[in-house]
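**Student:**
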Ligand SMILES: [Zn+2]
């Protein structure tokens, strides 16, 4: 899952200086933070967990393996 890593695009030779919106966590652009440890990880390293009726995401297989 390493496509769409960079947001900066060239279109027809135009060069964009990439100012991408707000988040410092660019990664794949789809990182979410673990509900338990707060680390931002790509979806492939997260699993959903139902917490109090909501779906939260946590590290997969668990936070200890998270680097
Ligand atoms: Zn975690």
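Numbering (this note's numbering), first residue to last: 32 to 98.
Even for Gly, the Cβ is constructed at its ideal location relative to N, Cα and C.
Can you look up residue 65 in the DSSP assignment and give me helix, strand or coil?
**Tutor:** coil
**Student:** Where does the unbroken beta strand (DSSP E) through residue 79 begin, and where does it stop?
**Tutor:** Segment 77 to 82, the beta strand (DSSP E) holding residue 79.
**Student:** Rounded to whole angstroms, what is the Cα-Cα separation between residue 67 and residue 61?
**Tutor:** One C-alpha to the other measures close to 18 Å.
**Student:** Nearest to residue 88 by alpha carbon, out of 79, 70, 71 and 95?
**Tutor:** 79
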